[in-house]
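Working notes for the structure below.
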Amino acid sequence: MNEPTITGSTKQSVHPTRFGFLLLPNYTMISLASAVEPLRMANQLSGRILYSWFWITEDGEAVAASDGIRVLPDGSMDAALPLDVLIVVGRIDVDQSYSRRQIEWLRFVDQRGVQLGGICTGALVLAHAQLLDGRECSVHWESMVLLQESHPKVQCNSRLFTVQGNRITCTGGTAPLDMMLNIIGKAHGKALAHSISEMFILDRIRDQTDNQRIQPRYSLSVAPPKLVEATTLMEAN
870 MNEPTITGST KQSVHPTRFG FLLLPNYTMI SLASAVEPLR MANQLSGRIL
920 YSWFWITEDG EAVAASDGIR VLPDGSMDAA LPLDVLIVVG RIDVDQSYSR
970 RQIEWLRFVD QRGVQLGGIC TGALVLAHAQ LLDGRECSVH WESMVLLQES
1020 HPKVQCNSRL FTVQGNRITC TGGTAPLDMM LNIIGKAHGK ALAHSISEMF
1070 ILDRIRDQTD NQRIQPRYSL SVAPPKLVEA TTLMEAN
């Protein structure tokens, strides 16, 4: 399994690792916050500017998240912001939320050598741009069947997140928090990653071997043991 790495993110970096977040209309705010807050805390606890980030929308205008919160973007896709990593922030019905222009821009960004990623359902957009062909990826469990059926060249898995080469894909909810902590730990040391997890009151940092679905013994904690056993067997097959 590939170790989590980020292009340009080493202890000897001469500039902060610059993340761009492409916000699709009705994107999931919890996924965006879970991805950004570890970067902010890494800067705070290290006393250095290790990371910077930009909000990007197609036309530079604010878009609302699924909870109605509107974020003022730093620029449009034409702003030529300096990026090391670009992450697509998806939404539930992501197949209805992206444009042909965004697809073409993602391909252009890829040609410039920027590392690409997707959180929540952002991997579906990358797959549609044929930027995940022949690669593994993680996507929110509600969209796994859709991605696999519509893009058979993509190897969809059920893990929390996947880092493979210059692609980083992640499920939704709080999973981006674990992905970023793994990335920060690889780039700047596990001690910093664990310090961030303590600040966020996390009991442990999950890695990309963790499954995104809650195990039946937790979700069915009050169910009869035989039902838990049968459910576990069905999910495994």
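Reminder that position 232 of the sequence shown reads as 1101 in my numbering, one-by-one numbering, no gaps. Here a beta-carbon is modelled for each residue, glycine too, at the ideal position from N, C-alpha and C. Predicted, not measured: the structure shown is a model, and the values here were computed from it.
| Item | Value |
| --- | --- |
| Residues of its chain near A1099, where Cβ-Cβ distance is below 6 Å and the 5 sequence neighbours each way are ignored | none |
| Distance between Y967 and G1003 (C-alpha atoms, nearest Å) | 22 Å |
| Continuous beta strand (DSSP E) stretch holding F1030: start and end | 1030 to 1033 |
| Paired residues, beta bridge with F890 - DSSP | W924, I956 |
| Local Cβ density within 10 Å of Q1081, reported as buried at 16 or more and exposed below that | buried |
| One or two residues paired with E1005 in a DSSP bridge | Q1024 |
| CA nearest to the CA of C1006, picked from E1018, L1046, C1025, A998 | C1025 |
| Alpha carbon of T1031 to alpha carbon of I956, nearest angstrom | 13 Å |
| Rounded C-alpha distance that separates G1054 from G1041 | 21 Å |
| Residues bridged to V932 [DSSP beta-bridge criterion] | V940 |
| Whole-Å CB distance - R976 paired with L1000, under 8 Å assumed | 7 Å |
| Rounded C-alpha distance that separates L1061 from P942 | 29 Å |
| Option in L901, P894, E906, L892 with minimal Cα separation from S1066 | E906 |
| Stretch-stretch touch, CB-based, cutoff 8 Å, three pairs: the region 928 to 945 with the region 1011 to 1028 | no |
| CB of V958 within 7 Å of CB of L901, strictly | yes |
| 8 Å contact criterion, which I988 and L950 should meet: CB distance rounded | 19 Å between Cβ atoms; not a contact. |
| Three-state secondary structure assigned by DSSP to I1052 | helix |
| Presumed contact (8 Å Cβ cut-off) between Y920 and R960, rounded CB distance | At roughly 24 Å, the Cβ-Cβ gap does not stay under 8 Å, so Y920 and R960 are not in contact. |
| Beta-carbon proximity of G986 to I1037, cut-off 7 Å | yes |
| Cutoff 6 Å; reference S945; Cβ partners in own chain excluding five residues on either side | D928, G929 |
| Inter-residue CB distance, L914 and M1049 (contact presumed, cutoff 8 Å) | Actually they do not touch by this definition, with Cβ atoms about 14 Å apart. |
| G916 classed as buried or exposed, judged by whether at least 16 other C-beta atoms fall within 10 angstroms | exposed |
| Closest by C-alpha distance to F923, when choosing among A998, I899, L892 | L892 |
| R981, DSSP secondary structure in three states | coil |
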